[in-house]
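In my numbering, the protein residues as written are 8 to 236.
Built from N, CA and C at the ideal position, the CB exists for glycine as well.
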């Protein structure tokens, strides 16, 4: 832990001293079943968490994750919380709470409270919950997804997360009706912001925008389309 803090502080000092605006950086960390760091606490994966039917206990678990994350200098907790499993053969089924959108949404809500605290709790160890993946990655065949299925099954978790105060979400790798989520303006602007009222930030998944070069023709165009969306 001491080494993590030393490195985090060294990076922050460099960013503050060597950039035009001197704004400290956000450090994001994977927290799918505990903070993924050496000597951090390992908890059950989401499929096990969902099987407990115990949202209160899960909130306490996420509070431990938050404290361990902040103790090492991290700020953004990347939480797998939006995927609904529709096919057990999918390789990331363990990141889903269940196949049920209501149960999954309830755990998503508790994840936000555990990571960010409740609105009245402005604690120094609070972190930002980044809910992922938005949206319908668990459908496995999201290219052919219908609007009823999208809204009734795959969007409910994010709705609950927003009501709980979530400040971040991560776009999904998949496409919906042929439009990749990272450049899907209907999804990221019309639905997420205008319809749901999300006020936080949308984060890209690892190299997801770069992968869109195959569609757009260049990295610059891929980045532009993502920003426009």
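{"Query": "When 109, 122 and 29 are compared against residue 41, the one with the closest alpha-carbon", "Result": "122"}
{"Query": "Enclosing beta strand (DSSP E) for residue 135 [first to last residue]", "Result": "135-141"}
{"Query": "DSSP bridge partner residues for residue 182 (one or two, in chain order)", "Result": "187"}
{"Query": "Three-state secondary structure (DSSP) of residue 69", "Result": "helix"}
{"Query": "Close Cβ partners of residue 106 (< 7 Å) along its chain, the five nearest in sequence each way excluded", "Result": "91, 92 and 93"}
{"Query": "Opposing strand residues paired with residue 208 [DSSP bridges]", "Result": "175"}
{"Query": "Start-to-end residues for the alpha helix (DSSP H) that takes in residue 105", "Result": "Careful: residue 105 lies outside any alpha helix (DSSP H) and carries neither H nor E."}
{"Query": "Alpha helix (DSSP H) runs wholly inside the region 38-90, at least 4 long, in chain order", "Result": "53-59 and 62-78"}
{"Query": "Delimiting residues of the alpha helix (DSSP H) encompassing residue 226", "Result": "226-235"}
{"Query": "Spatial distance of residue 228 from residue 203 (CA atoms)", "Result": "28 Å"}
{"Query": "Residue 235 versus residue 9: straight-line alpha-carbon distance, rounded", "Result": "41 Å"}
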